[in-house]
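Chains as they are written, first to last, in this note's numbering: chain B, 580 to 836; chain F, 3 to 251. Idealized CB from N, CA, C, for every residue including glycine. Everything numeric in this text was worked out from a predicted model, so none of it was measured.
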């Protein structure tokens, strides 16, 4: 059983004390004329409100202990993630649909596999924070893939059309761009995984240790989290690249304008 | 004789704007057909429609009497090759570029064939291992031509193939293309950007203006300063046709 360690301050008093750092940041910005005071204040207030709101929402859903509510929240998170990722792929026809399906499918497959092989159980306290990590990461991957492909299909149009004119199918002509976009999407997480723990303790592990878990317990969960994010990146990246490329070609192997 | 390429009453619009209005002409097997006209007259659109990089309406463009929209598009593009104004090289060597079409079909182009193609475009066989990114404009354009010839096309569509080249490289490419036309009976549809080049290359010419065929016939006739099309064209030697403002009859 996890027990919270004793801290010298409680609840809002803790937050108020930590806000000293915000005050110092404001003073630094003012002193150096960085003009970030307004943005800092907005960020501080927004994060406070948003996280308190999500905290209450999570308490409510955890108390319900209902698979339907859990799923509803995951779908809501996926929808927000889809809209956010679609902003990076504005040049892509049906960008929202591409982002939503990529993130949804990538996340669902990852979580589904982990529940199926009993790594996690489908209860709100587990699946919502884990799902949040998967969806958040899938959102970044989808956005990266979509933006990179849209840019490459524009800047490398000449090369793609040359390949089409030599008899390539649309998939053959866009293979280099698809490869590059998937590499770009996965390289950050692969590199992070390689160096994890050497520079700083990863977030999941830090949270668990702060909550009183033993380091070995925390490490096991952290390893699972890293593998999970790699899997989600691969599923989402593959789906996003396939769906994005389909938007740029007609069935007659022509690059749309 | 059956026309190699027949374009009939072709209307094409892009982004809601009409580009080609009722364009029609025939190109016989082994013919050189020049296409000239001011910028925006629809020349590139026409070539792209023949190659189906842009989808034409059905039954408006025929290859050997067959509607090109009924042919598998990858087969069409092997029979009707296209050389673009700016030659795009794929990463790798010249040989890898030339063998690109074969690689798409998962076959290997034998070295002898690569050398043969390099010689056909007047490039030394030593170029085979050169990094394609290191080529000059003229060399790249000739490699692009060799690459397209590797598919053994029956028709070659040339979209201002020499506009980015210096005069020496231009003459080299013109010479190569005319040699291929004479020796292999390759049908050429050639968009040119100068009257001077059009006169030099000869053959037949279609003059496009604002998406319509304004004149058609032998080069010597259409470009005759005393001929019936004098009002349509301005005859300054070497004038870039793209600089001409569109005129109507």
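Label residue 610 of chain B either buried or exposed according to how many other C-beta atoms from any shown protein chain fall within 10 Å of its C-beta, with 16 as the threshold for buried. Sequence index remark: in the first chain, residue 610 of chain B carries index 31 (1-based). It counts as exposed.
When the distance is taken between beta carbons, is residue 46 of chain F closer than 8 Å to residue 161 of chain F? Taking the second chain and counting its residues from 1, one reaches residue 161 of chain F at position 159. Taking the second chain and counting its residues from 1, one reaches residue 46 of chain F at position 44. In this structure, residue 46 of chain F lies closer than 8 Å to residue 161 of chain F by Cβ.
Under 8 Å, do residue 858 of chain B and residue 685 of chain B count as touching if we go by C-beta distance? This structure gives no information on residue 858 of chain B, because the portion of chain B shown stretches from 580 to 836.
Could you give the residue range of the alpha helix (DSSP H) that holds residue 731 of chain B? Working through the first chain from its first residue, we reach residue 731 of chain B at position 152. For residue 731 of chain B, the enclosing alpha helix (DSSP H) has its first and last residue at 703–734.
At a Cβ cut of 8 Å, what residues of the segment 737–751 of chain B count as close to chain F, listed as they run along the chain? Correct list: 737, 738, 740, 741, 742, 743, 744, 745, 746, 747, 748 and 751.
Is it the case that the Cβ atoms of residue 225 of chain F and residue 216 of chain F are separated by a distance below 8 Å? Here residue 225 of chain F corresponds to residue number 223 of the second chain, with the count starting at 1. Here residue 216 of chain F corresponds to residue number 214 of the second chain, with the count starting at 1. No; because the gap between Cβ atoms is not below 8 Å, this pair is not in contact.
Nearest-angstrom Cα distance between residue 117 of chain F and residue 6 of chain F? Locating residue 117 of chain F in the second chain gives position 115, where the first residue counts as 1. Locating residue 6 of chain F in the second chain gives position 4, where the first residue counts as 1. Between residue 117 of chain F and residue 6 of chain F, the C-alpha separation is close to 29 Å.
Look up residue 16 of chain F in the DSSP assignment and say whether it is helix, strand or coil. Reading the second chain from its first residue, position 14 is the one you call residue 16 of chain F. If DSSP states are grouped into helix, strand and coil, residue 16 of chain F belongs with the strands.
Considering only the alpha carbon of each residue, which of B:619, B:714 and B:813 lies closest to residue 764 of chain B? For the purposes of this step, residue 764 of chain B is identified with residue 185 of the first chain, where counting begins at 1. The residue with the shortest Cα to Cα distance from residue 764 of chain B is B:813.
Thinking residue 729 of chain B and residue 691 of chain B are a contact (beta carbons under 8 Å), I'd like their distance in whole angstroms, please. Translated into the one-based positions of the first chain, residue 729 of chain B becomes position 150. Translated into the one-based positions of the first chain, residue 691 of chain B becomes position 112. Cβ atoms of residue 729 of chain B and residue 691 of chain B stay farther apart than 8 Å, at about 29 Å.
Should residue 162 of chain F be flagged as near chain B, meaning a C-beta pair shorter than 8 Å? Your numbering for residue 162 of chain F matches position 160 in the second chain. Put simply, the CB of residue 162 of chain F is far from chain B, with every gap to its CB atoms at 8 Å or more.
Assuming the contact rule is C-beta atoms closer than 8 Å, residue 661 of chain B and residue 650 of chain B should be a hit. Round their C-beta distance to whole Å, please. Along the first chain, read from residue 1 onward, the residue named residue 661 of chain B stands at position 82. Along the first chain, read from residue 1 onward, the residue named residue 650 of chain B stands at position 71. So it is not a contact: roughly 16 Å between Cβ atoms.
Validate contact between the segment 784–793 of chain B and the segment 141–157 of chain F using beta carbons, cut 8 Å, 3 pairs: Below 8 Å, too few C-beta pairs join the segment 784–793 of chain B and the segment 141–157 of chain F to call them touching: fewer than three.
So what does DSSP say about residue 23 of chain F, is it helix, strand or coil? Against the second chain, residue 23 of chain F aligns to sequence position 21. Three-state result, residue 23 of chain F: strand.
What residues from the segment 45–67 of chain F come within 8 Å of chain B, judged by C-beta to C-beta, listed N to C? So the list reads 53, 54, 55, 56 and 57, given in the order they occur along the chain.
Chain B residues whose Cβ lies nearer than 7 Å to that of residue 2 of chain F: Because chain F is modelled from 3 through 251, residue 2 of chain F falls outside the range shown and cannot be assessed.
Taking Cβ-Cβ distances shorter than 8 Å, what residues in chain F pair up with residue 836 of chain B? Start at 1 with the first residue of the first chain, and residue 836 of chain B comes out as number 257. Residues of chain F whose Cβ lies closer than 8 Å to the Cβ of residue 836 of chain B are, in chain order, 16 and 17.
Shortest alpha-carbon distance to residue 65 of chain F belongs to which of F:156, F:107, F:87 and F:175? In the second chain, counting from the first residue as 1, residue 65 of chain F sits at position 63. Nearest of F:156, F:107, F:87 and F:175 to residue 65 of chain F, Cα basis: F:156.
Where residue 92 of chain F falls: helix, strand or coil (DSSP): The sequence position of residue 92 of chain F within the second chain is 90, counting from 1. Coil, per DSSP.
Alpha carbon to alpha carbon, what distance is there between residue 762 of chain B and residue 770 of chain B? To locate residue 770 of chain B, count along the first chain from 1; it is residue 191. To locate residue 762 of chain B, count along the first chain from 1; it is residue 183. So the two alpha carbons sit approximately 12 Å from each other.
Taking the DSSP output, what are the residues bridged to residue 795 of chain B? Here residue 795 of chain B is taken as the residue at index 216 of the first chain, counted from 1. Residue 795 of chain B is not bridged to any residue.
Cβ of residue 827 of chain B within 8 Å of any chain F Cβ: Here residue 827 of chain B is taken as the residue at index 248 of the first chain, counted from 1. It does not; no Cβ of chain F falls within 8 Å.
Going along chain B, which residues have a C-beta under 7 Å from residue 153 of chain F? Stepping through the second chain from its first residue, residue 153 of chain F is reached at position 151. Within 7 Å of the CB of residue 153 of chain F, the CB atoms of chain B belong to 745 and 746, in sequence order along the chain.
Taking only runs of the alpha helix (DSSP H) that begin and end inside the segment 43–101 of chain F, which ones reach a length of at least 4 residues, in chain order? Whole alpha helix (DSSP H) segments, 4+ residues: 45–52, 75–81 and 96–100.
Give every residue of the same chain whose Cβ lies closer than 8 Å to the Cβ of residue 138 of chain F, excluding the five residues on either side of it in the sequence, and list them in chain order. For this step, residue 138 of chain F is matched to residue 136 along the second chain. Taken in chain order, the residues that qualify are 171.
Tell me the DSSP secondary structure of residue 738 of chain B in three-state form. Counted from its first residue, the first chain places residue 738 of chain B at position 159. If DSSP states are grouped into helix, strand and coil, residue 738 of chain B belongs with the helices.
Determine, for residue 106 of chain F, whether the minimum Cβ-Cβ distance to residues of chain B falls below 8 Å. By 1-based counting over the second chain, the position of residue 106 of chain F is 104. Answer yes: the Cβ-Cβ gap between residue 106 of chain F and chain B drops below 8 Å somewhere.
How big is the Cα-Cα spacing for residue 820 of chain B and residue 732 of chain B? Along the first chain, one-based indexing puts residue 820 of chain B at 241. Along the first chain, one-based indexing puts residue 732 of chain B at 153. Approximately 12 Å between the Cα atoms of the pair.
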